[in-house]
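Numbered by full-length UniProt numbering, the letters in the sequence shown go through residues 1 to 188 in order.
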Amino acid sequence: MEINSSLDGIIQEITQNENYHDMVLLLTVFMLKSIVAVPTSRQQVKEDETDLDWPIGDARKCQTVKNVDVERFGVLPGVGWDNLRNLEAGLVVTYKYTECKETDDGVYLIPDNVLTIPIKNSKVQRFAEIIESWNSASSLTANSINIGAGVSLRKYAISGMFSREHEELKTKQIEEKSSTVRVQLRYP
1 MEINSSLDGI IQEITQNENY HDMVLLLTVF MLKSIVAVPT SRQQVKEDET
51 DLDWPIGDAR KCQTVKNVDV ERFGVLPGVG WDNLRNLEAG LVVTYKYTEC
101 KETDDGVYLI PDNVLTIPIK NSKVQRFAEI IESWNSASSL TANSINIGAG
151 VSLRKYAISG MFSREHEELK TKQIEEKSST VRVQLRYP
């Protein structure tokens, strides 16, 4: 009611004043400043600056709410691999972070459906191998497509294979007249 009475007073002053156009402009500005947007019952009101910045289930929301700089645990399965094209194929599994779970040491943020069990002690096996000739080398992991072909005619046989890793090893050993040492550490 207080706003209505002050508006009535302003309207009376405008009609009595000679500068009618200036007062209409002032009234318009006053009315625009007094309009306030009020959310409906279905809208969510943002109470602070960090409350609704990221969608629900996003890891960045957990980092913002907890006000900590915790990294996401990045070695989870769920990314597809296309071996024919030798390319990453995208996400196969979606991870949600609605519970904002952390590892026991508090270093990593883990998804809701992931359980971590800390390893308090561990054994490491060490392996070392010296590769004198590129001919005796073998690949530990298949990170490329191997292509092989062979033809056999009575007394003669021709065959060959191609692998990016094998080609690089052969080039290094022949050009630099060197040997290769392969060292591995494995958890049993």
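Note that beta-carbon positions come from the ideal geometry of N, C-alpha and C, so glycine has one too.
A quick note: this is a predicted structure, and the numbers were derived from the prediction, not measured.
Linking Gly90 to Val79 through their CA atoms gives a straight-line distance of about 5 Å. Ile56 is the residue among Leu76, Val75, Ile56 and Lys155 whose C-alpha sits nearest the C-alpha of Tyr97.
For Leu169, the CB contacts under 8 Å within the same chain, skipping 5 residues up- and downstream, are Ile131, Trp134, Ala137 and Thr180 in chain order.
C-alpha of Leu153 to C-alpha of His166: approximately 27 Å in a straight line. Cys100 sits close to Val65, with the two beta carbons spaced by under 8 Å. When the five nearest sequence neighbours on each side are left out, the beta carbons in the same chain lying within less than 8 Å of the beta carbon of Lys123 are those of Tyr187 and Pro188, in order along the chain. The shortest C-alpha to C-alpha distance from Leu185 to any of Glu129, Thr94 and Gln63 is the one to Glu129. Residue Pro77 holds the alpha-carbon nearest to the alpha-carbon of Val93 among Pro77, Lys61, Gln63 and Thr116. Residue nearest to Pro111 within the set Trp81, Gln63 and Leu87 is Gln63 (criterion: CA-CA distance).
The secondary-structure analysis by DSSP pairs Arg72 across a beta bridge with Leu109. Secondary structure note for Val183: its beta strand (DSSP E) is the uninterrupted segment Thr180 to Arg186. Counting only residues of its own chain and dropping the five nearest sequence neighbours on each side, Gln173 has a CB closer than 6 Å to the CB of Trp134. Annotation for Leu91: the continuous beta strand (DSSP E) segment containing it runs Leu87 to Leu91. Residue pairing of Leu153 in beta bridges, as defined by DSSP: Tyr156.
The DSSP-derived three-state label of Glu132 is coil.
In the DSSP annotation of this structure, the continuous segment of the alpha helix (DSSP H) that includes Val65 starts and ends at Ala59 to Lys66. Excluding sequence positions up to five before and after Ser178, its CB lies within less than 8 Å of the CB of Lys172, all in the same chain and listed in chain order. As DSSP reads the structure, Glu102 sits in a beta bridge with Leu109. Here the C-alpha atom of Lys61 lies approximately 15 Å from the C-alpha atom of Phe73.
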